[in-house]
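Undergrad: One structure, as structure tokens, below. Some questions next.
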Amino acid sequence: MIFLTVGSSLPFDRLVAAVDELIAPAKLDEVFAQIGDTLYRPQKMRWVQTLSKNDFDRVLADARFVISHAGVGTIASALSLGKPLIVMPRQRAFGEAVNDHQVSTAERFGAAGHILVAHDAQQLATCLAQVVSFTPKPRSAQPRAVSQRVAAFLNTLVDP
Amino acid sequence: MGLKDFLPQYRRRSRVLAVSSGGGHWVQLLRMMHAFEGCEAVYVTVNRAYEPQVAPNRFYVINDATAWDKVGLVRMGLRLAAIISKERPDVVISTGAAPGFFALRLGGLLGARTIWIDSIANVEQLSRSGQKVGAFADLWLTQWPELARPNGPFFAGAVL
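And the structure:
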């Protein structure tokens, strides 16, 4: 199963339609989609509007690979499971986001070898051909260091 | 040595109000939960479904809104003002976006110390909220080293 998610809020018709239309030509196996407020109604795949966190985690764990918007929550979840991820960043020009931060996020994580990046349907088709042989580079983050910095600040607030 | 040194330390636990919008912002906020150990942490976000992740801490849901939705932003601001005046936090911390911006400004007005951690999704430049609110925050962090400046934001690592 291939998991398509565009987050649970703003619509992303361009990505959902692109995947739906590529299912036959790219010979994709079963696709399951979380489409949020997207208006486009998929014809060739099962879809839901939102998934609970538990269901999301279960579908993600079962997926062969993932296609999503460039939300850092989704990117982090996929990376932590080592799932190959194809990302299409939302663009302000198409009314998909309030700014283009997803474009630069996608490019940065793509350049680091963590994800594959497609900016349009044509590039998505290319990525779908590449994803079988793509192994995401694991990411090393430092949540403990950041927590320690915050905790050190909180400790300065306690009266001696 | 004064009398104080012989008395037991009855320090009130600091109350931390942790605020974020949904998706990646919330994921990043939770990566810093350990920093709040020893404090009383209260969470505010936009999705009721996140509550089990921080139980048994107090948890508030507010409406979500982007810069496109001025009415929604006003509603959000009023709701946050009500929560902050009820909770009277010692510290307000946020990873963004709009809810964090309002919470830091309102919390600051009521004497809380403030912490802003700019989302990792802001790669090229700090978020709009971050640019506006960071300079007022008592601790201001970025998750990309190249965005750090001598007077803040500071870089202490990336949470994801």
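Going down the list, the protein sequences come from chains B and P.
Position 100 (the first sequence) corresponds to 100 in the working numbering; numbering is contiguous.
Position 66 (the second sequence) corresponds to 66 in the working numbering; numbering is contiguous.
Each residue gets a CB set at the ideal place from its N, CA and C atoms; glycine is no exception.
(1) On the premise that B/Leu154 lies in contact with P/Ala35, defined as a C-beta separation below 8 Å, what is that separation, rounded to the nearest angstrom?
(2) Which same chain residues end up closer than 8 Å to B/Asp13 when comparing Cβ atoms and leaving out the 5 residues on each side of it in sequence?
(3) Is the distance from the Cβ of B/Ile2 to the Cβ of B/Phe65 below 8 Å?
(4) In three-state DSSP terms, what is P/Ala97?
(5) What does DSSP give as the partner residue(s) for P/Trp144 in the beta ladder?
(6) Assuming B/Trp47 is part of the beta strand (DSSP E), what are its boundary residues?
(7) State yes or no: is the C-beta of B/His69 within less than 8 Å of the C-beta of B/Met88?
(8) Along chain P, in chain order, which residues have C-beta atoms closer than 9 Å to that of B/His114?
(9) Under a Cβ-count criterion, where at least 16 other Cβ atoms within 10 Å of its own Cβ denotes burial, should P/Phe136 be classed as buried or exposed?
(10) Taking only beta-carbon positions, decide if P/Tyr10 is within less than 8 Å of chain B.
(11) So the beta strand (DSSP E) P/Leu126 belongs to, where does it begin and stop?
(12) Provide the residue span of the beta strand (DSSP E) that contains P/Thr114, from first to last.
(13) For P/Glu87, is the classification buried or exposed, using 16 other Cβ atoms within 10 angstroms of its Cβ as the cut-off for buried?
(14) For the beta strand (DSSP E) containing B/Glu107, list its first residue and its last residue.
(15) Under 8 Å Cβ-Cβ, which residues of chain P neighbour B/Arg14?
(16) Should P/Pro145 be labelled buried (16 or more other beta-carbon atoms within 10 Å of its own) or exposed?
(17) Less than 8 Å between CB atoms is the rule here; does B/Gly71 satisfy it with respect to chain P?
(18) Who are the near neighbours of P/Gly134 in its chain, counting only those whose CB is closer than 8 Å to its CB and skipping five residues on each side?
(19) Mind listing the chain P neighbours of B/Thr105? Cutoff is C-beta to C-beta under 7 Å, in chain order.
(20) Return the residue from the list B/Ala26, B/Lys27, B/Asn54 and B/Val59 that minimises the CA-CA distance to B/Leu4.
(21) How long is the line joining the alpha carbons of P/Tyr10 and P/Gly100, rounded to whole angstroms?
(22) Tell me which same chain residues have a C-beta within less than 8 Å of the C-beta of P/Gly164, skipping the five on either side of it?
TA: In brief:
(1) Your pair P/Ala35 and B/Leu154 checks out as a contact, with CB atoms roughly 7 Å apart and the cut at 8 Å.
(2) For B/Asp13, where only same-chain residues beyond five positions count, the Cβ hits under 8 Å are Thr38, Leu39 and Tyr40.
(3) Contact: yes.
(4) Judged by DSSP in its simplified three-state form, P/Ala97 adopts coil rather than helix or strand.
(5) Partner(s): none; P/Trp144 has no beta bridge.
(6) Counting along the chain, the beta strand (DSSP E) containing B/Trp47 begins and ends at Arg46 to Val48.
(7) Yes, Cβ-Cβ distance for B/His69 and B/Met88 is below 8 Å.
(8) Chain P residues near B/His114: none, gap ~11 Å exceeds 9 Å.
(9) Counting other Cβ atoms within 10 Å of its Cβ, P/Phe136 stays below 16 and is therefore classed as exposed.
(10) With a pLDDT of only 49 at P/Tyr10, under the threshold of 50, the placement of this residue in the model should not be trusted, and no figure is reported.
(11) DSSP places P/Leu126 in no beta strand (DSSP E); its state is neither H nor E.
(12) Run containing P/Thr114: Arg113 to Ile117, per the beta strand (DSSP E) assignment.
(13) Buried is the call here.
(14) No beta strand (DSSP E) contains B/Glu107, which is instead part of the alpha helix (DSSP H) from His101 to Ala111.
(15) Around B/Arg14, no beta-carbon contact reaches into chain P at under 8 Å, the shortest distance being about 18 Å.
(16) It is exposed - the Cβ of P/Pro145 has fewer than 16 other Cβ atoms within 10 Å.
(17) Chain P places a beta carbon closer than 8 Å to that of B/Gly71, counting this residue as a contact.
(18) Once the five neighbours on either side are set aside, the close Cβ partners of P/Gly134 are Trp116, Asp118, Leu126, Trp140, Gly152 and Pro153.
(19) Result: Ala121 and Val123.
(20) Closest option to B/Leu4, Cα to Cα, is B/Val59.
(21) With a pLDDT of 49 at P/Tyr10, under the threshold of 50, the modelled position of that residue is not reliable, and the figure given next carries that caveat. Between P/Tyr10 and P/Gly100, the C-alpha separation is close to 31 Å.
(22) A query on residue 164 of chain P cannot be resolved here, the shown segment of chain P reaching from 1 to 160 and no further.
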